[in-house]
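Notes follow the structure.
Numbering (this note's numbering), first residue to last: 3 to 55.
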């Protein structure tokens with residue numbers, strides 16, 4: 003919410019000495035989304051498209 007993004011976003015981060023650093027945020031679905039959707043049994047991309055419409 004703090005980033006103001008609506009819908010899916012791809013976040014890359016690093017952890018060093020217990021601190022979390024955000025490296026990059028892109029307003030798109032990554033290649034991981036289909037795997038996560040299959041694992042949890044929810045159509046994540048379809049849900050995100052409905053939210054953004």
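In this text, a Cβ means the ideal position worked out from N, Cα and C, and glycines have one as well.
Residues that DSSP places opposite residue i in a beta bridge
i	result
residue 13	27
residue 40	Looking at the DSSP assignment, residue 40 forms no beta bridge with any residue, so it has no partner.
Proximity to residue i [Cα-Cα], best of the options
i	options	result
residue 12	40, 19, 36	36
residue 5	19, 17, 20, 24	24
Nearest-angstrom Cα separation, counted from residue j out to residue i
i	j	result
residue 26	residue 40	25 Å
residue 31	residue 14	12 Å
residue 3	residue 33	22 Å
residue 8	residue 55	10 Å
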